[in-house]
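Reviewing the structure listed below.
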Amino acid sequence: MPGEKLEVIRIGAEAVVSRLEWNGFKMVSKHRVPKPYRFPELDEWVRDKRTLHEAKVIASLRKLGIPCPAILLMDRSEATLYMQFIEGIELKRALDSLPAEEVERLARELGRIVGRMHKGGVAHGDLTTSNIMLDKYGNLYLIDFGLSALTDDPEELAVDIHLLDRSLESVHHRVRATFMKSFLKGYMAAAGMEFLQRLIEKVKEIRSRGRYVEERRKRH
Amino acid sequence: MAASKQDEKLVLGIESTAHTFGVGIASSSGKILANVSYIYRPKEGGIHPREAAQHHSRVAAGALKEALERASIKPEDLDGIAFSIGPGMGPCLRVGATVARAIALRLGKPLIGVNHSVAHIEIGRRSTGCRDPVVLYVAGGNTLITGYIDGRYRVLGETLDIAAGNCLDIFGIKAGIGPMPAPEEYARRGERLHPLPYRVKGMDVSFSGLLTAALKLLGEVRLEDLCLSITETVYSMLTETLERALAYAEKEEILLVGGLARSMRLREMLEEMARLHRAGVYCVPPEYAGDNGAMIAWTGVLQLIAGQTLNIEKSRVRPRFRLDEAEARWRELGL
């Protein structure tokens, strides 16, 4: 491991993120920890595949100019990525205490980022408010691309919008409506009306498949 | 809940969403006084809704009588009549609803429409003693991850296509060994794991690609190895999404409910995962894992206490009643 480990900053469901300092340079390591409940071969396969994949996706996102941490080093034998440190908090922690105008601004900005990312052929795969960082200047960053896909399949892209909406519905349902409205505005500005409409159709389809009854009723 | 004899409430519950016609009787002190089940088993293939409904009509009267006898009570002792209002198969649901309405009218007691998925969770909470869990509800037709947040059980994750139980059942049937638990029994003799599509999207899962890939391998690899591969992959995906939901909803308990709660391997995996997070794992006991009347009766008790009863005119069945459309007002009362 390069540098000195300072603290563990995030224990996610699949990885441990630690803050490191190397010659005064701040960075983080993301180590995909072995899961004792998984069959050993399956576990190794899943961890390696996701590490390699995340590095690939981040490389293409940086090319698209999407705000996300840069990769500094990859250690496949340890299923570990070393990345740029983003100083901020999870949007999940900030959302309920921000004034309404700021929530709308952030939602619009997030819409622009996600729209540009989707236009560029990347689906995040786990777009919840825990995987969006807000820094002290009010900038947003996307993190955790472990479940992302390089794809232009509207279905996969629509899952991002579906997941974001559901994470708002389940944990921040009070701001959900205004947030999604501004999000879609920003999204449309970045990806265009036609692109957005096609995805919204897909989101509806996913919801009705997942037994979201109201939509299904309207269709019939 | 130490209620004196006078304010103890008794509720009869009828379950008839799919293949089971069940009658249960529960009391507000938390006792299950009766739990009678009659299961329609098709000679081949899946459930035919009309045939299942006919089966339910045939057994209804006998099941009711049996439940009252087991509980040693008279119909007049009941304080409410609960039934599964949905989700489920329309023809089956209507049998339970019709029986419930008739009894409620005859006795002049409140009618209570219970969401079937909520009932699985509530019987799980009651029978295991857990308080505020993140719930994995896995059965033949359902795969969802949920937790109580602000008045309801919110859906945190679910399958984007087929249910986990359905995936394993279809695989077992097509492989010629029969539905669950056969695939899991064969898996115990498996040695080698073949990689199958591992599709996790956030807290959602997808099993259809995995099922197709596994069916393609039938006859090409050892059946025991294939059973090992499919069960391990399905359970790992469920455990991983549940691990994510546990962190996301910030809960400290895991509750496993529904038919697949009988799987020993799934339980073992969940327990291993929970240890990492110092969370407790609770599994609904086998007698309440499948569809049953007791869960409807017990949820009926909770709804009766919270004032969630129905007018007969508004008691139409809701075949697509989603879990997160149902209010859970008793949770605010600390029940």
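In order, the protein sequences belong to chains A and B.
Under the working numbering, the first residue of the first sequence is numbered 2, with each subsequent residue one higher.
Under the working numbering, the first residue of the second sequence is numbered 5, with each subsequent residue one higher.
Don't be surprised by glycine CBs; every beta carbon is placed ideally from N, CA and C.
- At a cut-off of 9 Å, the C-beta of B/MET268 has no neighbouring C-beta in chain A.
- Taking CB atoms only, B/TYR202 has a neighbour in chain A less than 9 Å away.
- If you draw a straight line from the Cα of A/MET118 to the Cα of A/ILE67, it is about 7 Å long.
- Less than 9 Å separates the beta-carbon of B/HIS120 from that of B/GLY90.
- One thing to note: B/ASP208 has its Cβ within 9 Å of the Cβ of B/GLU162.
- Burial is judged here by how many other beta carbons sit within 10 angstroms of a residue's own beta carbon; B/TYR157 has at least 16 and is buried.
- Beta-bridge analysis with DSSP links B/PHE87 to B/ILE18, B/GLY117.
- Contact of B/VAL209 with chain A is not assigned, every C-beta pair being separated by 9 Å or more.
- Against A/VAL47, the close residues of chain B are TYR202, in the order they occur along the chain (beta-carbon pairs closer than 7 Å).
- Below 8 Å, enough C-beta pairs join the segment 67–87 of chain A and the segment 19–29 of chain A to call them touching: three or more.
- Collapsing the DSSP output to three states places B/TYR42 in a strand.
- Where B/VAL288 is concerned, there is no enclosing alpha helix (DSSP H), because DSSP gives it neither an H nor an E.
- Beyond the five residues adjoining it in sequence on each side, A/GLY122 comes within less than 7 Å, by CB distance, of LEU151, THR152, ASP153 in the same chain, given in chain order.
- Residue-level contact check: A/ASP97 does not touch chain B, since none of the beta carbons of chain B fall below 9 Å from its beta carbon.
- The residue from B/LYS205, B/ILE36, B/HIS23, B/GLY338 with its alpha-carbon nearest to that of B/LEU16 is B/ILE36.
- Nearest to B/GLY66 by C-alpha distance, out of B/TYR42, B/ASP83, B/ASP11, B/VAL285, is B/TYR42.
- For A/LYS186, the enclosing alpha helix (DSSP H) stretches over residues 177–192.
- Rounded to the nearest whole angstrom, the CA to CA distance from B/GLY151 to B/CYS287 is 15 Å.
- For a Cβ distance threshold of 9 Å, nothing in chain A lies close to B/GLY284: the least Cβ distance comes to about 16 Å.
- The three-state secondary structure of A/LEU128, taken from DSSP, is coil.
- Only buried fits A/ILE162, as 16 or more other CB atoms lie within 10 angstroms of its CB.
- Residue pairing by DSSP puts B/TYR141 in a beta bridge opposite B/LEU148, B/VAL261.
- Between the alpha carbons of B/TRP334 and B/THR303 lies a distance of about 10 Å.
- Residue burial annotation: A/TYR138 is exposed, with fewer than 16 other C-beta atoms found within 10 angstroms of its C-beta.
- Relative to B/SER267, the option among B/GLU317, B/LEU242, B/LEU250, B/ARG279 whose CA is nearest is B/LEU242.
- With its beta carbon at least 9 Å from every one in chain B, A/ILE90 lies outside the interface.
- Taking C-beta atoms as the reference points, B/ILE85 and B/ALA104 count as a pair closer than 9 Å.
- Around the Cβ of B/ASP11, a 10 Å sphere holds fewer than 16 other Cβ atoms; the residue is exposed.
- Listed along chain B, the residues sitting closer than 9 Å to A/GLY126 by beta-carbon distance are VAL204, LYS205, GLY206.
- Using beta-carbon distances, A/GLY122 does not count as an interface residue toward chain B, since no partner is under 9 Å.
- Secondary structure at B/ALA30: strand, using DSSP grouped into helix, strand and coil.
- Between A/PHE40 and chain B, the shortest Cβ-Cβ separation is below 9 Å.
- Contact between B/VAL321 and B/LEU97 holds: CB atoms are separated by about 4 Å, below the 8 Å threshold.
- Annotation for A/LEU197: GLY116, LEU185, TYR188, MET189 place their beta carbon closer than 8 Å to its own, counting only its chain and skipping 5 residues before and after.
- Within chain A, no C-beta atom comes nearer than 7 Å to that of B/LEU172; the closest sits roughly 16 Å away.
- With fewer than 16 other CB atoms across the displayed protein chains lying within 10 angstroms of its CB, B/GLY112 is exposed.
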